[in-house]
Structures are given as C-alpha cells and as structure tokens.
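Numbering (mature numbering (1 follows the signal peptide of the UniProt record, and there is no 0)), first residue to last: -15 to -1, 1 to 270.
Even for Gly, the Cβ is constructed at its ideal location relative to N, Cα and C.
Down below is the structure, laid out as structure tokens.
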C-alpha cells in the first residue's frame, strides 16, 4: 500500500496512468475500504485538546485549528503563517512546531485540521485520508483561515506564507499556485508542482527541503522541481540533505538539540520566511 502511494505521487506518464486506474478502482472498493478504516475510532484521537479556535467557513461549517502567537506577548502587527499537517493529521508535533515558529518569526501561526475531525497513527487510514482529501477542499479551508486571520487586530494580512509537511507540503504549493499567488511557500518533503505554467503565476518565493534518501521523492523528482521553478522565473531555494529520507523533521526537540540536518533545514526555512516577511526578497535565494 505504501509503495502504491509513493508511485501515485511521482510525476511521470506511468504515474498518470496509475492514478487513473487507481481512481477507477477506488470507486469500486471505496465502500469496503471505508468500512475498514472509518469505524475504528480507537485508531484516532480527539482533536479537542489540539485545537483552540473554530473558524467559520463559507460552507456553513467550522475549521478547527491550533493558533500560536509569540510567547513574549508582543502586539504586532505580525504576518501569518498557515501550517499544514502531514498525512497523520493534526498532531502534538505540529502544535509544537506552530508555537516554535510563532516564537521564532514573531508571526501568527494557524495550523488547520484539513482532515476535518480525524487524526490517526494508523498508516492505511492515513493514506486513505490523504488520497480522499482533494486540493479544492483544502483551498477552501485555507481561505477561511486567512479570512479569519485578516480580522485579527494584531495581524498584517498582506504578509502571508503557507508551509506544510509531506501531504501538507504538497497541499501548500497547490494552494499558492492556485489560490494565493502572493504568499510564500515552504515545502518539507511534499509533492512538488512541476507544471511550469502553473508555477509562472507565483508572485512570491518558494523554499523546499528534502532528504536525499527519500524513496517517495527521489533526487530526480526534486531536481525536476528545482528546474521547473527556475524555468518559471520563481525565486526559490530547494535543498536536499544527505543521510536522511522522508519526514526527517519529527519534532522541535531535534532543533533544540541541534541535530543535523534538521536544525539546518529549520534554519533555512525560518531564514527564508523571515526574509520574506521583512521584504528582503534578495535574501530568499
């Protein structure tokens, strides 16, 4: 199952055909798979303790999210960073990263639950959630988050960035290429956009952090991402780190301990975001 998920994400003719076949297969087996992965609530944990705001959406529902502001009590106005979780859903790790980034960058960080009520550590269910959460739905949730953020007294809604991990990394650049082209993007080991026409619409820079041993996004995929950004004329910095594979940044403890290359990637991403938020465009290259 995990190998299939990897193949589905690779940007090749084979993967396009495979995705089409997968789509047909999902229509047949979806009721069975849903029965397997959905009822087992013991595989999920409540989001009540992970979220601290319910944001109204255009759909008449609420987007649950964790929001973090700098612990030093500064008053702003401050930029907004939307932080998108990996395919396990919103988690303690994402919450900790959100607070760390808020403190580091003096920004408002909003980490929405884009799986809409589900978080899991059961990999088959995580794969199902990722494959059944379409980009337009994520876009709508981020739109709601940014409308809410713009109404906050301490926010400068003109300075926006979107950052994500794995599933969330792909959705982050999906959002900025489709909906908010003036927002900066940080992709941690997420599915890249290599459509040059789509990337040309970006009016803000892109940062990518990948592991050289990542079987899900091999080096040729990362190189393709970098080449496409260059061809599209998008300011970017895309780095592959030796000795690590997929999902190499687990938690903020790795940053506190100055583990390599996690601390290096953290420094790259936060330096990139700080430069963007401060309007120092030359510094993001």
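Delimiting residues of the beta strand (DSSP E) encompassing residue i
i           : result
residue 161 : Careful: residue 161 lies outside any beta strand (DSSP E), inside the alpha helix (DSSP H) at 152 to 163.
residue 169 : 169 to 173
residue 39  : 38 to 41
For residue i: DSSP bridge partner residues
i           : result
residue 195 : 225
residue 94  : 53 and 66
residue 149 : 69 and 172
residue 140 : 63
residue 48  : 40
Classification of residue i by the beta-carbon crowding that lies within 10 angstroms, buried from 16 upward
i           : result
residue 98  : buried
residue 238 : exposed
residue 242 : exposed
residue 205 : exposed
residue 102 : exposed
residue 176 : buried
residue 134 : buried
residue 265 : exposed
residue 146 : buried
residue 29  : Reliability fails at residue 29, whose pLDDT of 42 lies under 50, so the model's placement of it is uncertain and no value is given.
Residues near residue i in its chain [Cβ-Cβ closer than 6 angstroms; skip 5 each side]
i           : result
residue 251 : 240
residue 117 : none
residue 263 : none
residue 78  : 236
residue 115 : 72 and 152
residue 70  : 79 and 153
residue 144 : 64 and 262
residue 61  : 139
residue 85  : 237
Close-in-space but distant-in-sequence residues of the same chain around residue i (CB under 7 angstroms, 5 per side omitted)
i           : result
residue 37  : 51 and 52
residue 83  : 51, 53, 68, 94 and 96
residue 10  : Confidence is the limiting factor: at residue 10 the pLDDT is only 45, short of 50, which leaves the residue's position unreliable, though a coordinate-based value still follows. Closer than 7 angstroms at the Cβ level, and outside the excluded window around residue 10, lies no residue.
residue 91  : 55, 59 and 63
residue 124 : 160, 163 and 164
residue 122 : none
residue 111 : 72, 73 and 105
residue 26  : Confidence in residue 26 is poor, its pLDDT being 40 and thus under 50, which makes the residue's placement unreliable; the coordinate value appears in the next sentence. Cβ neighbours of residue 26 beyond the five flanking positions: none.
residue 100 : 74, 114 and 118
Terminal residues of the alpha helix (DSSP H) in which residue i lies
i           : result
residue 115 : 108 to 116
residue 121 : 120 to 135
residue 272 : Because the chain spans -15 through 270 in this model, residue 272 falls outside it and cannot be assessed.
residue 181 : 181 to 185
residue 254 : 247 to 262
residue 241 : 237 to 241
Straight-line gap, residue i to residue j (C-alpha atoms, nearest Å)
i           : j           : result
residue 235 : residue 182 : 33 angstroms
residue 140 : residue 58  : 14 angstroms
residue 210 : residue 245 : 24 angstroms
residue 46  : residue 218 : 38 angstroms
residue 88  : residue 56  : 6 angstroms
residue 230 : residue 201 : 9 angstroms
residue 191 : residue 162 : 11 angstroms
residue 173 : residue 138 : 30 angstroms
residue 148 : residue 107 : 24 angstroms
residue 227 : residue 43  : 44 angstroms
residue 132 : residue 180 : 28 angstroms
residue 166 : residue 158 : 10 angstroms
residue 168 : residue 126 : 16 angstroms
residue 185 : residue 215 : 10 angstroms
residue 74  : residue 212 : 31 angstroms
residue 198 : residue 76  : 25 angstroms
residue 224 : residue 247 : 12 angstroms
residue 35  : residue 207 : 32 angstroms
residue 221 : residue 194 : 11 angstroms
residue 304 : residue 119 : Because residue 304 is not part of the residues shown, which for the chain are -15 to 270, the question remains open.
residue 189 : residue 253 : 17 angstroms
residue 155 : residue 196 : 15 angstroms
residue 33  : residue 171 : 27 angstroms
residue 31  : residue 258 : 31 angstroms
Contacting residues, own chain, Cβ-Cβ under 8 angstroms from residue i (five flanking each side not counted)
i           : result
residue 130 : 40, 48, 50, 67, 95 and 97
residue 81  : 236 and 237
residue 150 : 69, 70, 71, 79, 173, 174, 175, 232 and 234
Any chain D beta carbon closer than 7 angstroms to residue i
i          : result
residue 82 : Here there is only one protein chain, and chain D is not present.
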